[in-house]
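In this note's numbering, the protein residues as written are 2 to 139. Note that CB positions come from ideal geometry on N, CA and C, so glycine has one too. Since we're looking at a predicted model, the values are computed, not measured. All remarks here apply to the structure that follows.
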Amino acid sequence: MILGKAKRRSTSKMYQVVTMFGDNEPWWFFENWEEDIEMEETFDSFEEAQADYEQKWLTIKDQYEYINAKSNFLSAFWNDGDERWCEECDDDLQQYKGLALLQNHQPITLKSRKEFYETTNSSGKTKRCERPKQGAWC
Numbered sequence: 002m003i004l005g006k007a008k009r010r011s012t013s014k015m016y017q018v019v020t021m022f023g024d025n026e027p028w029w030f031f032e033n034w035e036e037d038i039e040m041e042e043t044f045d046s047f048e049e050a051q052a053d054y055e056q057k058w059l060t061i062k063d064q065y066e067y068i069n070a071k072s073n074f075l076s077a078f079w080n081d082g083d084e085r086w087c088e089e090c091d092d093d094l095q096q097y098k099g100l101a102l103l104q105n106h107q108p109i110t111l112k113s114r115k116e117f118y119e120t121t122n123s124s125g126k127t128k129r130c131e132r133p134k135q136g137a138w139c
């Protein structure tokens with residue numbers, strides 16, 4: 002009976018709200034993007050995941066100067082000066098706090114409410130490493 006429950010759970014649609022910190026905005030999904038995950042929470046329903054995403058978005062936005070958000074629950078936040086040195090690039094790279102609502106660890110196609118992407122303030126430095134990227138889900 003336990004095996005049956007596990008099997009049913011693995012075939013159901015699960016939603017994740019993920020916070021990340023690293024070199025890339027959360028919509029790039031480059032190879033090994035999971036290494037940037039700081040926290041992941043799993044939900045059985047989209048509505049629960051959406052409520053958690055929106056609460057986190059409101060909290061995170063108050064900690065950062067700049068926001069760039071996509072309409073499908075993918076947002077990047079950053080401050081000037083949040084950088085790390087990249088030996089491969091021989092340059093400083095902007096560091097981003099990412100927030101994503103995913104379905105089975107994939108980007109969703111549903112749109113978030115407008116106030117969560119029309120408030121975008123994407124001015125400022127947005128330097129990325131130019132080294133070759135593989136496995137991106139653009």
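Residues that DSSP places opposite F22 in a beta bridge
Numbered from its first residue, the sequence shown carries residue 22 at position 21. Note: F22 sits in a beta bridge opposite K98.
What do you get for T1, buried or exposed, if any count of 16 or more other CB atoms within 10 angstroms of its CB means buried? Residue numbering for the chain in the displayed model covers 2 to 139; residue 1 lies beyond these limits and cannot be assessed.
Whose C-beta lies closer than 6 Å to the C-beta of F78 among residues of the same chain, with five residues either side of it excluded? Against the sequence shown, residue 78 aligns to sequence position 77. Correct list, in chain order: I61, Y65, I68 and K98.
I61 - containing alpha helix (DSSP H), residue span: Locating residue 61 in the sequence shown gives position 60, where the first residue counts as 1. Its alpha helix (DSSP H) spans residues F47 to K62.
Once the 5 residues before and after Q96 are set aside, which same chain residues still bring their CB inside 8 Å of it? Taking the sequence shown and counting its residues from 1, the one referred to as residue 96 is at position 95. Same-chain partners within the cutoff: F22, G23, D24, W79, D83, E84 and R85.
Subject >> Neighbour flag for I109 against chain C, beta carbons, 7 Å >> reply: Here chain C cannot be found, since the structure has a single protein chain.
*What number of angstroms, rounded off, separates the C-alpha of E26 from the C-alpha of H106?*
Locating residue 26 in the sequence shown gives position 25, counting from the first residue. Locating residue 106 in the sequence shown gives position 105, counting from the first residue. Going by the C-alpha atoms only, they are around 16 Å apart.
Q: Output the distance between the C-alpha atoms of F47 and D63, rounded to the nearest integer angstrom.
A: Within the sequence shown, the letter at position 46 stands for residue 47. Within the sequence shown, the letter at position 62 stands for residue 63. Whole-angstrom Cα-Cα distance: 25 Å.
Go to T43, then tell me how far its beta strand (DSSP E) extends in each direction, as first and last residue. By one-based count along the sequence shown, residue 43 stands at place 42. Per DSSP, T43 belongs to the beta strand (DSSP E) from I38 to F44.
| query | From the DSSP output, which residues share a beta bridge with C87? | reply | As a first step, residue 87 must be located in the sequence shown, where it is residue number 86. Partner(s): D92.
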